[in-house]
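Worksheet: the structure to be examined is printed underneath.
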Amino acid sequence: MPTITKSNNAVNLWFSNDKMNILLEDGRELAIPIEWFPSLRNATEKQLNNWRFIGDGEGVHWIDLDEDISIEALL
Numbered sequence: 049m050p051t052i053t054k055s056n057n058a059v060n061l062w063f064s065n066d067k068m069n070i071l072l073e074d075g076r077e078l079a080i081p082i083e084w085f086p087s088l089r090n091a092t093e094k095q096l097n098n099w100r101f102i103g104d105g106e107g108v109h110w111i112d113l114d115e116d117i118s119i120e121a122l123l
């Protein structure tokens with residue numbers, strides 16, 4: 049039986065409807081309500097899409113919004 053290796057590092061992020069979708073490097077996908085984060089909820093589409101991964105995918109940073117979100121905190 050193969051060993052399952054879990055990772056909390058993100059490799060992709062996109063927005064759909066009212067959700068932030070995150071793909072982890074182990075293949076799991078998270079769909080997080082934007083409503084949970086007031087700075088994201090009130091952001092423009094341009095601001096939402098101006099993000100970068102920090103710590104090799106351990107978190108996400110939005111420079112325009114001064115917002116950081118830890119992937120581990122979402123799990």
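If you want my numbering, it's the position in the sequence shown, counting the first as 1, plus 48. Note that CB positions come from ideal geometry on N, CA and C, so glycine has one too.
Check                                                                                       : Outcome
Residues bridged to K67 by DSSP?                                                            : S64 and P81
Provide the residue span of the alpha helix (DSSP H) that contains S55, from first to last. : Careful: S55 lies outside any alpha helix (DSSP H) and carries neither H nor E.
For the alpha helix (DSSP H) that contains R89, what are its first and last residues?       : P86 to R89
Mapping DSSP to helix, strand and coil, what is I119?                                       : helix
Does DSSP classify L72 as helix, strand or coil?                                            : strand
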